[in-house]
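In the UniProt record's numbering, the protein residues as written are 4 to 237. Using N, Cα and C, we set each Cβ at its ideal position, and we do this for glycine too.
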Ligand code: TZP
Ligand code: MG
């Protein structure tokens with residue numbers, strides 16, 4: 004990991020790219036090319052999410068993507084797999100409620116690693132904060148063809164409740180992104196409707212809005228610009 008020279012508190016979560024290598028989304032393009040284009044467009048954090056490759060393949064893909072992300076000083080996190088993150092020398096992991104528990108992941112990866120946790124309820128969010136998660140991936144906001152097995156559609160009202168609860172509990176330092184069905188047409192509305200008085204989202208995480216785009220750089224730039232616009236545009 005390169006994080007002895009990169010501070011994890013400086014990560015820019017405004018537009019967070021989660022990868023997908025399935026033909027319906029990636030097509031026949033190279034994932035490294037998509038990731039580099041997206042970073043050039045302004046993506047500040049990348050997660051390798053690949054539910055089909057085996058362990059050796061994942062480590063190989065992780066190392067290749069890490070070579071790209073490192074050049075641009077953007078962290079690479081691995082979905083589900085602490086072992087792959089360690090083997091590929093990545094900056095951290097993103098774990099769901101059914102993956103390795105947060106405390107075990109932290110013990111294995113150490114204090115400098117970035118650990119993000121998927122949360123869809125207030126309880127899960129508070130536990131992740133208490134356990135020292137660096138950021139929460141809050142969702143699923145809207146139903147999405149990219150993750151069809153999700154039963155946790157919480158809408159913008161669900162996101163807002165979670166933000167309010169973590170602010171109320173005093174977790175001011177945890178970073179937050181939301182995920183699920185976010186694109187350039189609904190991003191502003193999602194940010195506006197999710198906004199809680201005491202805690203704001205640090206960004207949005209997307210798969211298809213960037214990976215399925217013929218121009219991932221332009222797609223990322225558009226999302227970033229929209230994320231930075233003030234409310235009336237929703
Ligand atoms: N977790 C909740 S929804 C989702 C994940 C990984 C997929 C989001 O994909 P998209 O294409 O941005 O809707
Ligand atoms: Mg998982």
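Check residue 179 in the structure and name its three-state DSSP category.
Here the question's residue 179 lines up with position 176 in the chain shown. Residue 179: strand per DSSP, three-state reduction.
Would residue 96 and residue 84 be called neighbours here (beta carbons separated by less than 8 Å)?
Locating residue 96 in the chain shown gives position 93, counting from the first residue. Locating residue 84 in the chain shown gives position 81, counting from the first residue. In this structure, residue 96 sits near residue 84, with a CB-CB distance shorter than 8 Å.
Residues in the same chain with beta-carbon distance under 8 Å from residue 62, minus the five sequence neighbours each way, listed in chain order, please.
Here the question's residue 62 lines up with position 59 in the chain shown. Leaving aside the five residues that flank residue 62 on each side, the residues in its chain whose CB is nearer than 8 Å to its CB run, in chain order, 87, 90, 91.
Taking 7 Å as the line, does the beta carbon of residue 99 fall inside it for any heavy atom of the ligand MG?
Along the chain shown, read from residue 1 onward, the residue named residue 99 stands at position 96. Correct: residue 99 has its Cβ closer than 7 Å to the ligand MG.
Rounded to whole angstroms, how far is the Cβ of residue 47 from the Cβ of residue 21, which I believe are closer than 8 Å?
Counting from one through the chain shown, the residue named residue 47 turns up at place 44. Counting from one through the chain shown, the residue named residue 21 turns up at place 18. Contact doesn't hold; Cβ gap of about 13 Å is too wide.
When burial is assigned at 16 or more other CB atoms within 10 Å of the CB, is residue 106 buried or exposed?
Within the chain shown, residue 106 is the residue found at index 103, counting from 1. Residue environment: residue 106 is assigned as exposed (fewer than 16 neighbouring CB atoms within 10 Å of its CB, all protein chains considered).
Just confirm the distance between the C-beta atoms of residue 219 and residue 17, as a whole number of angstroms; I'd bet it's less than 8 Å.
Within the chain shown, numbered from 1, the residue matching residue 219 stands at position 216. Within the chain shown, numbered from 1, the residue matching residue 17 stands at position 14. Contact between residue 219 and residue 17 is absent: CB atoms are separated by about 16 Å, not below the 8 Å threshold.
Closest to residue 180 by CA distance: which of 215, 139, 154 is it?
One-based indexing of the chain shown puts residue 180 at position 177. With respect to the C-alpha of residue 180, the residue from 215, 139, 154 having the closest C-alpha is 139.
Can you name the start and end residues of the alpha helix (DSSP H) that residue 41 belongs to?
Translated into positions along the chain shown, residue 41 becomes position 38. Where residue 41 is concerned, the enclosing alpha helix (DSSP H) stretches over 34-43.
Please write down, chain order preserved, every residue whose beta carbon lies under 5 Å from a heavy atom of the ligand TZP.
Proximity to the ligand TZP was defined by a C-beta distance below 5 Å to any of its heavy atoms, and the residues meeting it, in sequence along the chain, are 142, 143, 147, 149, 150, 182, 183, 184, 209, 210, 211.
Counting along the chain, where does the beta strand (DSSP E) carrying residue 117 start and finish?
Position 114 of the chain shown, counted from the first residue, corresponds to residue 117. From DSSP, the beta strand (DSSP E) with residue 117 extends over 117-122.
Tell me whether residue 69 sits in a helix, a strand or coil according to DSSP, three-state version.
To locate residue 69, count along the chain shown from 1; it is residue 66. Three-state DSSP puts residue 69 in a helix.
Going by the C-beta, is residue 57 closer than 7 Å to any heavy atom of the ligand MG?
Here residue 57 refers to the residue found at position 54 when the chain shown is read from its first residue. Taken from the Cβ of residue 57, every heavy atom of the ligand MG lies 7 Å or farther away.
Any chance the CB of residue 152 is under 7 Å from a heavy atom of the ligand MG?
Mapped onto the chain shown, residue 152 falls at position 149. False, no ligand heavy atom lies under 7 Å from that Cβ.
Please state whether DSSP places residue 207 in a helix, a strand or coil.
For this step, residue 207 is matched to residue 204 along the chain shown. Strand.
Measuring CB atoms only, is the segment 160-170 touching the segment 119-139, in the sense that at least three cross pairs come out at less than 8 Å?
Judged by pairs of C-beta atoms under 8 Å, the segment 160-170 touches the segment 119-139, as three or more such pairs exist.
Using a Cβ-Cβ cutoff of less than 7 Å, which residues in the same chain neighbour residue 174 once the five nearest sequence positions on both sides are dropped?
Within the chain shown, numbered from 1, the residue matching residue 174 stands at position 171. Taking C-beta separations shorter than 7 Å and ignoring five residues to either side along the sequence, the partners of residue 174 in its chain run 132, following chain order.
Mind reading off the beta-carbon distance from residue 212 to residue 185? Whole number of angstroms is fine, and I expect it under 8 Å.
Along the chain shown, one-based indexing puts residue 212 at 209. Along the chain shown, one-based indexing puts residue 185 at 182. Confirmed, Cβ separation roughly 6 Å.
Leaving out five residues before and five after residue 99 in sequence, what residues of the same chain have Cβ atoms less than 6 Å from its Cβ?
Here residue 99 refers to the residue found at position 96 when the chain shown is read from its first residue. Here the set comprises 121.
Which stretch, first to last residue, makes up the alpha helix (DSSP H) that contains residue 132?
As a first step, residue 132 must be located in the chain shown, where it is residue number 129. Element bounds for residue 132: 125-133.
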